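Per the UniProt record's numbering, residue 1 is the first one in the sequence shown, and the count goes up by one each step. For each residue, glycine too, the CB sits at the ideal point set by N, CA and C. On a predicted model such as this, the values are computed, not experimentally measured, just so you know. Down below is the structure, laid out as C-alpha coordinates.
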Amino acid sequence: MNTVREHVGLRDYTQQSPKSAPFRLLVLADPQLEGDTSLPKPDDAFLPQLKKHWEDITSADSISECYFATVKSIRDVVLTDIPRLGGTIRKRLDLLGNDYYLAHIYRTLSWWSRPTHAAVLGDLIGSQWVSDEEFNIRSKRYWNRTFRGGVKVPDDMMATGRDRYTQQTGVSIGQEIILDIDADTWSNRIINIAGNHDIGYAGDISQKRIDRFEREFGSTNWDVRFNLPMPELALDLNGTHRKSGAIPSIHLVVLNTLTFDTPALDVSIQGKSYQYLNDVIDRSRPVEDRTTFTLLLTHLPLHKQEGVCTDPPYFSFHNEDDQHPKDDQPRFKAGGLKEQNHLSDYVSHNGILQGIFGMSGDLNAPYSGKGRNGLILTGHDHTGCDVLHYVDRKIGSDSESGAAEGEHISDAAWSWNAKKYPTEVPAGVLESINSDAGFDSAFTPTPAIREVTLRSMMGEFDGNAGLLSVWFDAESSQEWKYEITTCQLGIQHIWWVIHIVALATLIAALTWVTILITSSRSPLVDERRASKGATEEKKNKDSGAT
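As C-alpha coordinates, this is what we get:
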(Lines of atoms letter the chains of each structure in order from A and count residues from 1; the text may use other names and numbers.)
(Lines give C-alpha, C1' and ligand atoms only; values in the text may rest on other atoms or scores of the structure.)
Protein backbone atom coordinates (compact mmCIF):
# COMPACT_ATOMS: atom_id res chain seq x y z
CA MET A 1 0.00 0.00 0.00
CA ASN A 2 2.91 2.36 0.64
CA THR A 3 3.81 2.14 -3.05
CA VAL A 4 0.28 3.15 -4.05
CA ARG A 5 0.22 5.96 -1.49
CA GLU A 6 3.60 7.18 -2.77
CA HIS A 7 2.37 7.40 -6.35
CA VAL A 8 -0.80 9.28 -5.46
CA GLY A 9 0.99 11.56 -2.99
CA LEU A 10 -0.73 10.28 0.15
CA ARG A 11 2.22 8.62 1.89
CA ASP A 12 2.70 9.96 5.43
CA TYR A 13 6.41 9.85 6.31
CA THR A 14 5.86 11.17 9.82
CA GLN A 15 3.95 8.05 10.85
CA GLN A 16 6.47 5.53 9.57
CA SER A 17 8.76 3.39 11.66
CA PRO A 18 11.66 3.09 12.10
CA LYS A 19 12.70 6.74 12.14
CA SER A 20 14.68 7.86 9.11
CA ALA A 21 18.42 8.46 9.45
CA PRO A 22 19.22 12.19 9.76
CA PHE A 23 21.85 12.00 6.98
CA ARG A 24 20.76 10.20 3.79
CA LEU A 25 23.06 10.55 0.78
CA LEU A 26 22.08 9.65 -2.77
CA VAL A 27 25.37 8.73 -4.46
CA LEU A 28 25.85 8.55 -8.23
CA ALA A 29 29.02 8.07 -10.28
CA ASP A 30 30.41 8.64 -13.76
CA PRO A 31 27.47 9.87 -15.89
CA GLN A 32 30.01 10.94 -18.57
CA LEU A 33 27.80 13.12 -20.76
CA GLU A 34 29.04 12.84 -24.34
CA GLY A 35 28.73 15.47 -27.05
CA ASP A 36 30.45 16.70 -30.19
CA THR A 37 33.39 14.31 -29.81
CA SER A 38 31.03 11.45 -30.74
CA LEU A 39 29.61 13.33 -33.76
CA PRO A 40 31.13 14.11 -37.20
CA LYS A 41 33.19 17.26 -37.49
CA PRO A 42 31.23 20.33 -38.72
CA ASP A 43 32.89 20.20 -42.16
CA ASP A 44 31.82 16.56 -42.54
CA ALA A 45 28.13 17.27 -41.87
CA PHE A 46 25.58 16.54 -44.60
CA LEU A 47 24.86 20.07 -45.87
CA PRO A 48 28.52 21.21 -45.99
CA GLN A 49 29.33 18.04 -47.93
CA LEU A 50 26.51 18.72 -50.42
CA LYS A 51 27.87 22.23 -50.88
CA LYS A 52 31.34 20.82 -51.48
CA HIS A 53 30.03 18.35 -54.07
CA TRP A 54 28.17 21.14 -55.90
CA GLU A 55 31.32 23.28 -55.96
CA ASP A 56 33.27 20.34 -57.42
CA ILE A 57 30.68 19.94 -60.19
CA THR A 58 30.32 23.63 -61.06
CA SER A 59 34.08 24.23 -61.04
CA ALA A 60 34.74 21.56 -63.66
CA ASP A 61 36.48 22.94 -66.78
CA SER A 62 35.05 20.49 -69.29
CA ILE A 63 32.04 18.31 -69.89
CA SER A 64 34.04 15.16 -69.13
CA GLU A 65 35.33 16.60 -65.83
CA CYS A 66 31.80 17.67 -64.95
CA TYR A 67 30.55 14.15 -65.71
CA PHE A 68 33.18 12.45 -63.55
CA ALA A 69 32.64 14.99 -60.72
CA THR A 70 28.89 14.35 -60.87
CA VAL A 71 29.33 10.57 -60.76
CA LYS A 72 31.80 10.83 -57.88
CA SER A 73 29.55 13.21 -55.96
CA ILE A 74 26.51 10.94 -56.36
CA ARG A 75 28.55 7.94 -55.24
CA ASP A 76 29.86 9.84 -52.18
CA VAL A 77 26.38 11.05 -51.26
CA VAL A 78 24.86 7.57 -51.51
CA LEU A 79 27.69 5.57 -49.95
CA THR A 80 29.13 8.04 -47.44
CA ASP A 81 27.09 11.16 -46.75
CA ILE A 82 23.63 9.63 -46.34
CA PRO A 83 24.87 6.79 -44.05
CA ARG A 84 26.84 9.37 -42.05
CA LEU A 85 23.70 11.55 -41.80
CA GLY A 86 21.74 8.55 -40.55
CA GLY A 87 24.44 7.83 -37.97
CA THR A 88 24.46 11.48 -36.88
CA ILE A 89 20.69 11.55 -36.39
CA ARG A 90 20.83 8.27 -34.47
CA LYS A 91 23.68 9.56 -32.26
CA ARG A 92 21.95 12.86 -31.52
CA LEU A 93 18.81 10.97 -30.59
CA ASP A 94 20.92 8.65 -28.44
CA LEU A 95 22.52 11.62 -26.64
CA LEU A 96 19.11 13.14 -25.99
CA GLY A 97 17.70 9.85 -24.73
CA ASN A 98 20.76 9.21 -22.56
CA ASP A 99 20.36 12.59 -20.86
CA TYR A 100 16.76 11.77 -19.96
CA TYR A 101 17.60 8.18 -19.00
CA LEU A 102 20.15 9.46 -16.47
CA ALA A 103 17.61 12.08 -15.38
CA HIS A 104 15.11 9.27 -14.76
CA ILE A 105 17.58 7.66 -12.33
CA TYR A 106 18.16 10.87 -10.38
CA ARG A 107 14.53 11.98 -10.41
CA THR A 108 13.07 8.60 -9.44
CA LEU A 109 15.49 7.91 -6.59
CA SER A 110 15.23 11.46 -5.27
CA TRP A 111 11.44 11.14 -5.25
CA TRP A 112 11.35 7.67 -3.72
CA SER A 113 14.23 7.65 -1.20
CA ARG A 114 13.93 11.32 -0.12
CA PRO A 115 17.69 11.90 0.43
CA THR A 116 18.93 14.79 2.52
CA HIS A 117 22.02 15.17 0.31
CA ALA A 118 23.16 14.07 -3.18
CA ALA A 119 26.62 13.60 -4.71
CA VAL A 120 28.13 12.68 -8.08
CA LEU A 121 31.56 11.06 -7.77
CA GLY A 122 33.26 12.54 -10.84
CA ASP A 123 33.36 12.18 -14.63
CA LEU A 124 30.37 14.44 -15.08
CA ILE A 125 31.24 14.85 -18.77
CA GLY A 126 32.90 12.44 -21.18
CA SER A 127 36.20 14.17 -22.05
CA GLN A 128 38.57 16.70 -20.50
CA TRP A 129 39.81 17.71 -23.95
CA VAL A 130 36.62 19.47 -25.10
CA SER A 131 36.58 23.16 -25.95
CA ASP A 132 35.20 25.74 -23.54
CA GLU A 133 32.15 26.13 -25.76
CA GLU A 134 31.41 22.40 -25.72
CA PHE A 135 32.08 22.26 -21.97
CA ASN A 136 29.44 24.95 -21.42
CA ILE A 137 26.97 23.08 -23.63
CA ARG A 138 27.42 19.88 -21.63
CA SER A 139 27.19 21.69 -18.30
CA LYS A 140 23.83 23.16 -19.39
CA ARG A 141 22.61 19.67 -20.33
CA TYR A 142 23.82 18.44 -16.95
CA TRP A 143 21.80 21.01 -15.00
CA ASN A 144 18.80 21.45 -17.32
CA ARG A 145 18.21 17.81 -18.27
CA THR A 146 20.08 15.16 -16.32
CA PHE A 147 19.96 16.83 -12.90
CA ARG A 148 17.09 19.19 -13.50
CA GLY A 149 15.94 20.68 -10.22
CA GLY A 150 19.39 20.27 -8.69
CA VAL A 151 21.63 23.24 -7.94
CA LYS A 152 25.32 23.81 -7.30
CA VAL A 153 26.45 24.07 -3.70
CA PRO A 154 26.77 27.79 -2.83
CA ASP A 155 30.32 29.11 -3.02
CA ASP A 156 30.35 30.29 0.59
CA MET A 157 29.68 26.70 1.72
CA MET A 158 32.84 25.61 -0.12
CA ALA A 159 35.10 28.36 1.22
CA THR A 160 37.57 25.94 2.84
CA GLY A 161 38.80 24.98 -0.62
CA ARG A 162 39.87 28.50 -1.54
CA ASP A 163 43.54 29.20 -2.04
CA ARG A 164 45.23 30.22 1.23
CA TYR A 165 41.94 29.92 3.14
CA THR A 166 43.65 29.09 6.42
CA GLN A 167 46.21 31.88 6.02
CA GLN A 168 43.70 34.66 5.38
CA THR A 169 43.38 37.48 7.88
CA GLY A 170 41.05 36.55 10.69
CA VAL A 171 40.88 32.90 9.69
CA SER A 172 43.07 30.62 11.74
CA ILE A 173 44.14 27.08 10.98
CA GLY A 174 41.43 24.72 12.12
CA GLN A 175 38.61 27.08 11.17
CA GLU A 176 35.61 25.04 10.04
CA ILE A 177 32.33 25.68 8.29
CA ILE A 178 29.78 24.12 10.63
CA LEU A 179 26.15 23.57 9.63
CA ASP A 180 23.22 21.58 10.91
CA ILE A 181 22.04 18.56 8.93
CA ASP A 182 19.19 20.31 7.13
CA ALA A 183 17.30 18.24 4.57
CA ASP A 184 15.16 21.16 3.41
CA THR A 185 18.24 23.20 2.46
CA TRP A 186 20.51 20.50 1.03
CA SER A 187 18.16 18.00 -0.64
CA ASN A 188 18.43 19.63 -4.08
CA ARG A 189 22.10 20.63 -3.85
CA ILE A 190 24.40 18.42 -5.92
CA ILE A 191 27.86 17.79 -4.44
CA ASN A 192 30.02 17.43 -7.57
CA ILE A 193 33.43 15.74 -7.42
CA ALA A 194 35.98 16.38 -10.18
CA GLY A 195 36.88 13.36 -12.32
CA ASN A 196 39.63 12.75 -14.84
CA HIS A 197 37.17 13.30 -17.73
CA ASP A 198 36.31 16.68 -16.20
CA ILE A 199 39.77 18.15 -15.51
CA GLY A 200 42.29 15.45 -16.56
CA TYR A 201 45.04 13.58 -14.73
CA ALA A 202 47.94 15.26 -12.93
CA GLY A 203 50.08 15.25 -16.10
CA ASP A 204 47.58 17.39 -18.04
CA ILE A 205 45.55 19.27 -15.41
CA SER A 206 45.68 23.03 -15.95
CA GLN A 207 44.33 25.89 -13.88
CA LYS A 208 42.06 26.81 -16.78
CA ARG A 209 40.35 23.41 -16.66
CA ILE A 210 39.95 23.60 -12.90
CA ASP A 211 38.51 27.13 -13.16
CA ARG A 212 35.84 26.19 -15.69
CA PHE A 213 34.86 23.11 -13.66
CA GLU A 214 34.58 25.12 -10.46
CA ARG A 215 32.58 27.83 -12.22
CA GLU A 216 29.93 25.36 -13.38
CA PHE A 217 29.99 22.58 -10.77
CA GLY A 218 31.69 23.76 -7.60
CA SER A 219 35.06 23.64 -5.87
CA THR A 220 37.33 20.64 -6.42
CA ASN A 221 38.50 20.72 -2.78
CA TRP A 222 36.33 21.64 0.20
CA ASP A 223 34.98 20.27 3.44
CA VAL A 224 32.16 21.05 5.81
CA ARG A 225 31.01 19.75 9.18
CA PHE A 226 27.35 18.84 9.66
CA ASN A 227 26.24 18.85 13.28
CA LEU A 228 23.45 16.57 14.41
CA PRO A 229 20.53 18.92 15.21
CA MET A 230 19.85 19.20 18.92
CA PRO A 231 16.22 17.99 18.61
CA GLU A 232 17.52 14.83 16.92
CA LEU A 233 20.15 14.36 19.62
CA ALA A 234 17.65 14.86 22.44
CA LEU A 235 15.27 12.40 20.79
CA ASP A 236 18.02 9.81 20.31
CA LEU A 237 19.32 10.08 23.86
CA ASN A 238 15.85 9.60 25.37
CA GLY A 239 17.11 9.92 28.91
CA THR A 240 20.47 8.18 28.44
CA HIS A 241 23.71 9.87 29.46
CA ARG A 242 26.12 10.85 26.69
CA LYS A 243 29.80 10.10 27.38
CA SER A 244 31.14 13.18 25.61
CA GLY A 245 29.94 16.74 25.68
CA ALA A 246 30.83 17.23 22.00
CA ILE A 247 27.98 17.58 19.51
CA PRO A 248 27.95 14.56 17.16
CA SER A 249 28.94 15.65 13.66
CA ILE A 250 29.70 14.39 10.16
CA HIS A 251 32.88 15.77 8.61
CA LEU A 252 32.24 15.68 4.84
CA VAL A 253 35.44 16.01 2.80
CA VAL A 254 35.48 16.55 -0.98
CA LEU A 255 39.02 15.83 -2.17
CA ASN A 256 40.57 16.22 -5.62
CA THR A 257 42.94 13.24 -5.59
CA LEU A 258 43.72 13.62 -9.31
CA THR A 259 46.45 16.17 -8.54
CA PHE A 260 48.43 14.19 -5.95
CA ASP A 261 50.58 11.81 -7.99
CA THR A 262 53.55 12.77 -10.15
CA PRO A 263 54.89 13.98 -12.53
CA ALA A 264 52.36 16.83 -12.68
CA LEU A 265 52.02 19.41 -15.45
CA ASP A 266 51.58 22.26 -12.96
CA VAL A 267 53.41 21.72 -9.67
CA SER A 268 51.76 24.80 -8.15
CA ILE A 269 48.35 23.13 -8.46
CA GLN A 270 49.78 20.01 -6.86
CA GLY A 271 51.25 22.07 -4.04
CA LYS A 272 47.88 23.68 -3.32
CA SER A 273 46.27 20.23 -3.17
CA TYR A 274 48.78 19.00 -0.61
CA GLN A 275 48.31 22.20 1.38
CA TYR A 276 44.57 21.59 1.42
CA LEU A 277 45.12 17.99 2.54
CA ASN A 278 47.22 19.25 5.46
CA ASP A 279 44.51 21.79 6.30
CA VAL A 280 41.88 19.04 6.41
CA ILE A 281 44.05 17.05 8.80
CA ASP A 282 44.47 20.15 10.97
CA ARG A 283 40.71 20.77 10.98
CA SER A 284 39.85 17.18 11.90
CA ARG A 285 38.82 16.30 15.42
CA PRO A 286 41.13 14.05 17.50
CA VAL A 287 41.01 10.37 16.54
CA GLU A 288 39.77 9.60 20.05
CA ASP A 289 36.62 11.65 19.39
CA ARG A 290 34.03 9.01 18.52
CA THR A 291 31.26 11.57 18.03
CA THR A 292 32.69 12.44 14.60
CA PHE A 293 32.08 10.53 11.36
CA THR A 294 34.46 11.35 8.49
CA LEU A 295 32.93 10.88 5.03
CA LEU A 296 35.47 11.19 2.20
CA LEU A 297 34.17 11.76 -1.34
CA THR A 298 36.73 11.53 -4.14
CA HIS A 299 37.07 10.17 -7.67
CA LEU A 300 40.16 7.97 -7.73
CA PRO A 301 40.02 4.71 -5.74
CA LEU A 302 42.72 4.01 -3.19
CA HIS A 303 45.59 1.66 -3.97
CA LYS A 304 44.90 -2.05 -3.69
CA GLN A 305 46.69 -5.09 -5.04
CA GLU A 306 45.69 -6.72 -8.32
CA GLY A 307 42.74 -9.08 -8.07
CA VAL A 308 40.79 -7.24 -5.38
CA CYS A 309 38.78 -5.14 -7.86
CA THR A 310 38.27 -5.13 -11.62
CA ASP A 311 40.98 -2.54 -12.25
CA PRO A 312 44.53 -3.42 -11.11
CA PRO A 313 47.08 -0.75 -10.16
CA TYR A 314 48.12 0.99 -13.38
CA PHE A 315 50.04 4.12 -14.36
CA SER A 316 50.96 5.41 -17.83
CA PHE A 317 52.90 8.50 -18.90
CA HIS A 318 53.03 10.80 -21.92
CA ASN A 319 55.69 9.73 -24.43
CA GLU A 320 56.24 13.18 -25.94
CA ASP A 321 55.40 16.84 -25.56
CA ASP A 322 52.09 18.17 -26.84
CA GLN A 323 52.43 18.66 -30.61
CA HIS A 324 49.28 20.81 -30.90
CA PRO A 325 49.34 23.27 -27.98
CA LYS A 326 46.39 25.57 -27.35
CA ASP A 327 47.05 29.30 -26.88
CA ASP A 328 50.80 28.57 -27.01
CA GLN A 329 50.48 26.51 -23.82
CA PRO A 330 51.29 22.77 -23.96
CA ARG A 331 48.47 20.59 -22.65
CA PHE A 332 50.95 17.96 -21.46
CA LYS A 333 54.67 17.23 -21.50
CA ALA A 334 56.78 14.14 -22.04
CA GLY A 335 56.97 12.01 -18.92
CA GLY A 336 53.87 13.56 -17.34
CA LEU A 337 51.25 11.36 -15.72
CA LYS A 338 48.77 10.35 -18.44
CA GLU A 339 46.49 7.81 -16.78
CA GLN A 340 46.03 5.90 -13.53
CA ASN A 341 43.55 3.37 -12.15
CA HIS A 342 44.29 3.97 -8.45
CA LEU A 343 46.05 6.47 -6.29
CA SER A 344 49.65 5.53 -5.61
CA ASP A 345 50.23 3.41 -2.53
CA TYR A 346 52.14 6.28 -0.90
CA VAL A 347 49.30 8.80 -1.24
CA SER A 348 46.67 6.20 -0.33
CA HIS A 349 48.41 5.06 2.83
CA ASN A 350 50.16 8.19 4.08
CA GLY A 351 47.80 10.88 2.82
CA ILE A 352 44.40 9.21 3.21
CA LEU A 353 44.51 6.30 5.65
CA GLN A 354 47.10 7.75 8.03
CA GLY A 355 46.51 11.44 7.32
CA ILE A 356 42.76 11.97 7.07
CA PHE A 357 41.65 8.91 9.03
CA GLY A 358 44.54 8.70 11.52
CA MET A 359 45.03 4.94 11.12
CA SER A 360 48.30 3.20 11.94
CA GLY A 361 49.71 -0.20 12.77
CA ASP A 362 51.64 1.31 15.67
CA LEU A 363 49.81 0.63 18.93
CA ASN A 364 51.58 3.61 20.48
CA ALA A 365 49.83 5.93 18.01
CA PRO A 366 46.80 7.95 19.21
CA TYR A 367 43.81 5.70 19.95
CA SER A 368 46.14 2.73 19.40
CA GLY A 369 46.14 3.43 15.66
CA LYS A 370 42.49 2.49 15.14
CA GLY A 371 41.81 5.83 13.47
CA ARG A 372 38.66 7.86 12.93
CA ASN A 373 35.24 6.42 12.34
CA GLY A 374 34.19 6.95 8.73
CA LEU A 375 33.72 5.78 5.15
CA ILE A 376 35.36 6.38 1.76
CA LEU A 377 33.26 6.73 -1.42
CA THR A 378 35.00 6.72 -4.82
CA GLY A 379 34.17 6.40 -8.53
CA HIS A 380 36.32 5.89 -11.66
CA ASP A 381 36.14 2.06 -11.77
CA HIS A 382 32.87 1.72 -13.69
CA THR A 383 32.15 -1.82 -12.55
CA GLY A 384 32.27 -0.90 -8.86
CA CYS A 385 34.01 -2.49 -5.88
CA ASP A 386 33.56 -2.82 -2.12
CA VAL A 387 36.74 -3.29 -0.08
CA LEU A 388 38.14 -3.06 3.42
CA HIS A 389 41.52 -1.39 3.93
CA TYR A 390 43.21 -2.72 7.05
CA VAL A 391 46.49 -3.09 8.87
CA ASP A 392 47.96 -6.49 8.05
CA ARG A 393 50.13 -7.63 10.95
CA LYS A 394 52.80 -10.21 10.20
CA ILE A 395 53.97 -11.67 13.50
CA GLY A 396 56.63 -14.31 12.99
CA SER A 397 58.19 -16.67 15.48
CA ASP A 398 60.77 -15.45 18.00
CA SER A 399 63.55 -17.07 16.01
CA GLU A 400 62.40 -15.54 12.74
CA SER A 401 61.96 -12.04 14.07
CA GLY A 402 64.78 -12.09 16.57
CA ALA A 403 62.37 -10.76 19.16
CA ALA A 404 62.73 -11.69 22.78
CA GLU A 405 59.93 -13.48 24.55
CA GLY A 406 57.22 -11.06 25.65
CA GLU A 407 58.18 -8.37 23.12
CA HIS A 408 55.43 -5.72 22.85
CA ILE A 409 53.03 -6.26 19.98
CA SER A 410 53.50 -2.72 18.66
CA ASP A 411 56.98 -3.70 17.51
CA ALA A 412 55.59 -6.40 15.20
CA ALA A 413 55.85 -5.90 11.43
CA TRP A 414 52.77 -4.53 9.70
CA SER A 415 51.68 -3.30 6.30
CA TRP A 416 48.56 -2.02 4.57
CA ASN A 417 46.30 -4.53 2.85
CA ALA A 418 42.84 -4.66 1.28
CA LYS A 419 40.22 -7.36 0.89
CA LYS A 420 36.74 -7.46 -0.56
CA TYR A 421 34.01 -6.48 1.87
CA PRO A 422 32.36 -8.26 3.63
CA THR A 423 32.88 -11.86 2.49
CA GLU A 424 36.67 -11.76 2.71
CA VAL A 425 37.14 -9.71 5.87
CA PRO A 426 40.12 -11.17 7.77
CA ALA A 427 39.22 -12.82 11.05
CA GLY A 428 39.13 -10.39 13.95
CA VAL A 429 39.23 -7.21 11.87
CA LEU A 430 35.73 -5.92 12.54
CA GLU A 431 35.60 -7.29 16.06
CA SER A 432 38.80 -5.53 17.03
CA ILE A 433 37.68 -2.09 15.86
CA ASN A 434 35.02 -1.63 18.51
CA SER A 435 36.54 -3.93 21.12
CA ASP A 436 37.68 -2.64 24.50
CA ALA A 437 39.96 -5.61 25.09
CA GLY A 438 43.55 -5.13 26.22
CA PHE A 439 46.40 -5.01 23.76
CA ASP A 440 48.37 -8.06 24.81
CA SER A 441 50.05 -10.75 22.75
CA ALA A 442 46.84 -12.76 22.59
CA PHE A 443 44.84 -9.97 20.95
CA THR A 444 45.77 -7.98 17.86
CA PRO A 445 43.65 -4.87 17.22
CA THR A 446 43.29 -4.30 13.50
CA PRO A 447 42.54 -0.78 12.24
CA ALA A 448 40.28 -0.93 9.19
CA ILE A 449 38.06 1.29 7.07
CA ARG A 450 35.68 0.56 4.22
CA GLU A 451 35.95 1.99 0.71
CA VAL A 452 32.97 1.69 -1.63
CA THR A 453 33.80 2.32 -5.28
CA LEU A 454 30.42 3.01 -6.79
CA ARG A 455 29.36 1.34 -10.03
CA SER A 456 28.65 3.81 -12.85
CA MET A 457 25.14 5.16 -13.41
CA MET A 458 25.55 4.73 -17.19
CA GLY A 459 23.11 2.37 -18.90
CA GLU A 460 25.93 0.03 -19.86
CA PHE A 461 26.35 -0.63 -16.13
CA ASP A 462 22.62 -1.01 -15.37
CA GLY A 463 21.94 2.52 -14.14
CA ASN A 464 23.48 2.06 -10.72
CA ALA A 465 23.04 4.29 -7.66
CA GLY A 466 24.08 4.18 -4.02
CA LEU A 467 21.99 4.99 -0.95
CA LEU A 468 23.93 5.83 2.22
CA SER A 469 22.29 6.31 5.63
CA VAL A 470 24.29 7.63 8.60
CA TRP A 471 22.87 7.95 12.12
CA PHE A 472 24.16 8.49 15.64
CA ASP A 473 23.65 5.55 18.00
CA ALA A 474 23.10 7.47 21.22
CA GLU A 475 21.68 4.57 23.21
CA SER A 476 24.45 1.96 23.08
CA SER A 477 27.78 2.69 21.38
CA GLN A 478 27.31 6.48 21.28
CA GLU A 479 29.05 6.49 17.89
CA TRP A 480 27.97 7.08 14.33
CA LYS A 481 26.81 4.08 12.35
CA TYR A 482 26.04 3.74 8.68
CA GLU A 483 24.47 1.46 6.13
CA ILE A 484 25.02 1.63 2.39
CA THR A 485 23.23 -0.23 -0.35
CA THR A 486 23.14 -0.02 -4.12
CA CYS A 487 20.28 -0.37 -6.56
CA GLN A 488 20.08 -0.71 -10.32
CA LEU A 489 17.29 0.76 -12.41
CA GLY A 490 18.14 -1.39 -15.44
CA ILE A 491 19.92 -0.90 -18.75
CA GLN A 492 18.94 1.98 -20.99
CA HIS A 493 17.22 -0.33 -23.49
CA ILE A 494 14.38 -0.89 -21.00
CA TRP A 495 13.88 2.88 -20.76
CA TRP A 496 13.91 3.17 -24.55
CA VAL A 497 11.40 0.32 -25.07
CA ILE A 498 8.97 1.75 -22.51
CA HIS A 499 9.06 5.21 -24.07
CA ILE A 500 8.85 3.92 -27.65
CA VAL A 501 5.85 1.73 -26.76
CA ALA A 502 4.24 4.65 -24.93
CA LEU A 503 4.83 6.94 -27.92
CA ALA A 504 3.48 4.34 -30.36
CA THR A 505 0.40 3.83 -28.17
CA LEU A 506 -0.19 7.58 -28.00
CA ILE A 507 0.15 7.93 -31.79
CA ALA A 508 -2.23 4.99 -32.35
CA ALA A 509 -4.78 6.45 -29.93
CA LEU A 510 -4.61 9.90 -31.52
CA THR A 511 -4.91 8.36 -34.99
CA TRP A 512 -7.97 6.36 -33.94
CA VAL A 513 -9.64 9.42 -32.40
CA THR A 514 -8.82 11.49 -35.49
CA ILE A 515 -10.35 8.85 -37.77
CA LEU A 516 -13.51 8.75 -35.65
CA ILE A 517 -13.86 12.54 -35.69
CA THR A 518 -13.09 12.83 -39.40
CA SER A 519 -15.43 10.01 -40.42
CA SER A 520 -18.27 11.47 -38.36
CA ARG A 521 -18.01 14.76 -40.30
CA SER A 522 -17.54 13.38 -43.84
CA PRO A 523 -20.14 14.20 -46.62
CA LEU A 524 -20.68 10.49 -47.26
CA VAL A 525 -21.78 9.97 -43.67
CA ASP A 526 -24.11 12.99 -43.91
CA GLU A 527 -25.59 11.60 -47.17
CA ARG A 528 -26.17 8.21 -45.59
CA ARG A 529 -27.83 9.80 -42.58
CA ALA A 530 -30.11 11.90 -44.86
CA SER A 531 -31.03 8.85 -46.94
CA LYS A 532 -31.76 6.84 -43.83
CA GLY A 533 -33.92 9.68 -42.47
CA ALA A 534 -35.91 9.94 -45.73
CA THR A 535 -36.53 6.20 -45.75
CA GLU A 536 -37.80 6.25 -42.18
CA GLU A 537 -40.05 9.24 -42.96
CA LYS A 538 -41.56 7.44 -45.96
CA LYS A 539 -42.25 4.37 -43.85
CA ASN A 540 -43.99 6.51 -41.26
CA LYS A 541 -46.22 8.11 -43.93
CA ASP A 542 -47.13 4.73 -45.43
CA SER A 543 -48.02 3.32 -42.04
CA GLY A 544 -50.16 6.43 -41.30
CA ALA A 545 -52.07 6.11 -44.58
CA THR A 546 -52.85 2.49 -43.86
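CA-CA distance, Thr58 to His342, rounds to 58 Å. Ile63 counts as exposed, since fewer than 16 other C-beta atoms from the protein chains shown sit within 10 angstroms of its C-beta. Less than 9 Å divides the Cβ of Ala118 from the Cβ of Ile190.
Judged by their CB atoms, Thr257 and Leu300 are nearer to each other than the 9 Å cut-off. When C-beta atoms of the region 506–522 are compared with those of the region 122–131, fewer than three pairs fall below 8 Å, so the two segments do not count as touching. At the C-beta level, Gly358 and Val287 come within 9 Å of one another. In the assembly as shown, Ile105 is a buried residue. Its beta-carbon has 16 or more other beta-carbons within 10 Å. Counting every other CB atom within 10 Å of its CB across the protein chains shown gives Phe315 a total below 16, marking it as exposed. Take the alpha-carbon of Leu79 and the one of His53: they are about 14 Å apart. Sixteen is the threshold: since fewer than 16 other Cβ atoms of the shown chains lie within 10 Å of the Cβ of Glu306, the residue is exposed.
Closest in C-alpha terms to Phe260, from the list Asp81, Asp345 and Val391, comes Asp345. DSSP, reduced to helix, strand and coil, places His197 within a helical segment of the structure shown. Residue burial is scored here from C-beta neighbours: Asn364 has fewer than 16 other C-beta atoms within 10 angstroms and is therefore classed as exposed.
Assigned with DSSP and collapsed to three states, Phe461 falls in helix. For Cys66, the three-state secondary structure derived from DSSP is helix. Distance from the CA of His382 to the CA of Lys481, rounded to the nearest whole angstrom, comes to 27 Å. Three or more pairs of CB atoms, one per stretch, sit closer than 8 Å, so the region 30–45 contacts the region 83–100.
Comparing alpha-carbon positions, the option among Leu109, Leu296 and Thr292 lying closest to Ile193 turns out to be Leu296.
Rounded to whole angstroms, the separation of the alpha carbons of Gln270 and Asp321 is 20 Å. Going by beta carbons, Thr294 and Ile247 fall outside the 9 Å limit.
If you look at Arg145, you'll find it isn't in any alpha helix (DSSP H); DSSP assigns it neither H nor E. Beta-bridge partners assigned by DSSP to Cys309: none are found. For the pair Leu468 and Phe23, the CB atoms are nearer than the 9 Å cut-off. With a cut-off of 8 Å on Cβ pairs, the region 331–338 is in contact with the region 197–205, counting three or more such pairs. Within the region 78–113, the alpha helix (DSSP H) runs of at least 4 residues that lie entirely inside it are, in chain order, 82–113. Counting only the Cα atoms, Ile515 lies some 51 Å from Leu25. DSSP places His251 in the strand class (E or B) of the three-state scheme. Take the alpha-carbon of Leu28 and the one of Ile498: they are about 23 Å apart. Excluding five sequence positions before and after Pro42, the CB atoms of its chain that fall closer than 8 Å to its own CB belong to Pro48, given in chain order.
Beyond the five residues adjoining it in sequence on each side, Gly490 comes within less than 7 Å, by CB distance, of Asp462 and Gly463 in the same chain, given in chain order. In its chain, beyond the 5 residues on either side, Arg212 have a beta carbon closer than 8 Å to the beta carbon of Asp132. It is roughly 56 Å from the alpha-carbon of Pro313 to the alpha-carbon of Thr70.
Nearest Cα to Val452 within the set Ile494, Ile137 and Leu388: Leu388. Of all alpha-carbon atoms in Leu252, Leu302, Ala60 and Asp266, the one lying nearest the alpha-carbon of Ile210 is that of Asp266. If you compare the alpha carbons of Arg114, Arg145 and Thr108 with that of Tyr100, the shortest gap goes to Arg145. Between Arg162 and Asp223, the beta carbon gap of about 12 Å keeps them out of contact (Cβ cut-off 8 Å).
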